[in-house]
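Report on one structure; see the data block that follows.
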DNA sequence: CATAAATAAGACAAAATAGTCTTTAAACTA
DNA sequence: TAGTTTAAAGACTATTTTGTCTTATTTATG
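Residue numbers (my numbering), protein chains in the order written: chain A, 8 to 156; chain U, 8 to 156.
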């Protein structure tokens, strides 16, 4: 798989939040229920995004989590790097440590090209743009077909 | 990561074999030594490729493994599908079960495009072609810089 | 036929990823 | 201030992936 499960959960939660009115906290319980993601697992993932400044959380009644200003401008790429690390965009396709333009593996050139197209895909739009289009077009964000954001 | 470790090991071993004279068996011990891959682990991976008809093995002294006729014509794509399964080329980037052109997720269209470019990259050349170029250009196939195929 | 060399098969262990549960801390509300 | 609601933190479990080890089977050779 291209992205870990943690990463996919993080992206979906972020898009969910991006589709909501600005400035409002949403509880992790609500998010995990709507997107059908394990509550505690999601908590840990979003804590990572909060630690990286992409989200902000608030405790207590009516607390929850929301995108930070930085998070609103972020792209999927930023989230992927925060959760899965930068490896996908830096490492050799064959996992060879010293691989690079100096001492390339057989896949190096074509992988660099493909890797950049993945990166471009993830950098193309901001979370807000994707969420806006997603809401408008009724794209799916959950396994449940009845979900609507 | 794009490919599992098993898959990467399988690709490297296959390219190694593809670079050797046709029709000769090479022992798993020799391959695992040269490529610095765990012997027993490599054995299991190549058994999978043998089961799928991409390689042929022979027991006993001077036995070993070699590419089958099918394997010689194969591309990296065939090996990836054999080892990691077809998921990378079929599944939704967000892991949503019903995602498709009917009910797409927000990434669907761009992911399909990117996915196809990955597929094309892996289908572009046969193992023999890649190995030939790799040998000629002294590309690296092992972590050890002293390796040469 | 006995021994050695090789793959096959499967049990086992370690590490990474995924997921669950409990306790703590913070913030609101009555 | 007491109780409730929320996230934070961390222990724990389960699953998958990765890696190791032992035993069996096949084949060649002396």
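Think of the CB as a built atom: it goes at the ideal place given N, C-alpha and C, for glycine as much as any other residue.
Query	Result
Using 8 angstroms as the limit for Cβ to Cβ distance, is residue 25 of chain A near chain U?	no
Can you tell me whether residue 107 of chain U is buried or exposed, with buried defined as 16 or more other CB within 10 angstroms of its CB?	exposed
Where residue 22 of chain U and residue 96 of chain A are concerned, what is the direct C-alpha to C-alpha distance, given to the nearest angstrom?	24 angstroms
Taking only the alpha-carbon atoms, compute the straight-line gap between residue 143 of chain A and residue 33 of chain A and give it to the nearest angstrom.	21 angstroms
Mark residue 39 of chain A as exposed unless 16 or more other C-beta atoms lie within 10 angstroms of its C-beta, in which case mark it buried.	buried
Three Cβ pairs or more, each shorter than 8 angstroms: is that satisfied between the segment 74-93 of chain U and the segment 126-136 of chain A?	no
In the DSSP assignment, what are the bridge partners of residue 72 of chain A?	A:33, A:64
Contact between the segment 9-19 of chain U and the segment 34-53 of chain U: three or more CB pairs below 8 angstroms?	yes
For residue 89 of chain A, does the three-state DSSP call read helix, strand or coil?	helix
If the cut is a Cβ gap below 7 angstroms, which residues of chain U does residue 104 of chain A touch?	150
Using a Cβ cut-off of 8 angstroms, pull out every chain A residue sitting near residue 18 of chain U, in sequence order please.	101
Using beta-carbon positions only, say whether residue 58 of chain A and residue 134 of chain A come within less than 8 angstroms of one another.	no
Counting Cβ pairs closer than 8 angstroms, one from the segment 110-123 of chain U and one from the segment 58-69 of chain U, do we hit at least three?	no
Please tell me whether residue 139 of chain A has its Cβ less than 8 angstroms away from any Cβ of chain U.	no
Who are the near neighbours of residue 76 of chain A in its chain, counting only those whose CB is closer than 8 angstroms to its CB and skipping five residues on each side?	none
For residue 26 of chain A, name the three-state secondary structure that DSSP assigns.	coil
Between A:79, A:104, A:103, which has its C-alpha nearest residue 29 of chain A's C-alpha?	A:79
With DSSP as the reference, please indicate the residues paired to residue 57 of chain U in a beta bridge.	Beta-bridge pairing links residue 57 of chain U to no other residue.
Return the chain-ordered list of same chain residues with a C-beta closer than 8 angstroms to the C-beta of residue 151 of chain U, the five sequence neighbours on each side being excluded.	43
For chain A, find out if any of its Cβ atoms is closer than 8 angstroms to the Cβ of residue 87 of chain U; answer yes or no.	no
Hey, would you say residue 121 of chain A sits closer than 8 angstroms to residue 125 of chain U, going by beta carbons?	yes
What do you reckon, are the CB atoms on residue 52 of chain A and residue 90 of chain A nearer than 8 angstroms?	yes
What are the boundary residues of the alpha helix (DSSP H) that includes residue 145 of chain A?	It is not in any alpha helix (DSSP H) - residue 145 of chain A carries neither H nor E in the DSSP assignment.
What does DSSP give as the partner residue(s) for residue 133 of chain A in the beta ladder?	A:82
Over the uninterrupted alpha helix (DSSP H) stretch that includes residue 105 of chain U, give me the two end residues.	Segment: none, residue 105 of chain U is in no alpha helix (DSSP H) and carries neither H nor E.
Would you say residue 111 of chain U reaches chain A, if we count a Cβ-Cβ gap shorter than 8 angstroms as a contact?	yes
State the Cα-Cα distance for the pair residue 25 of chain U and residue 93 of chain U, rounded to the nearest angstrom.	23 angstroms
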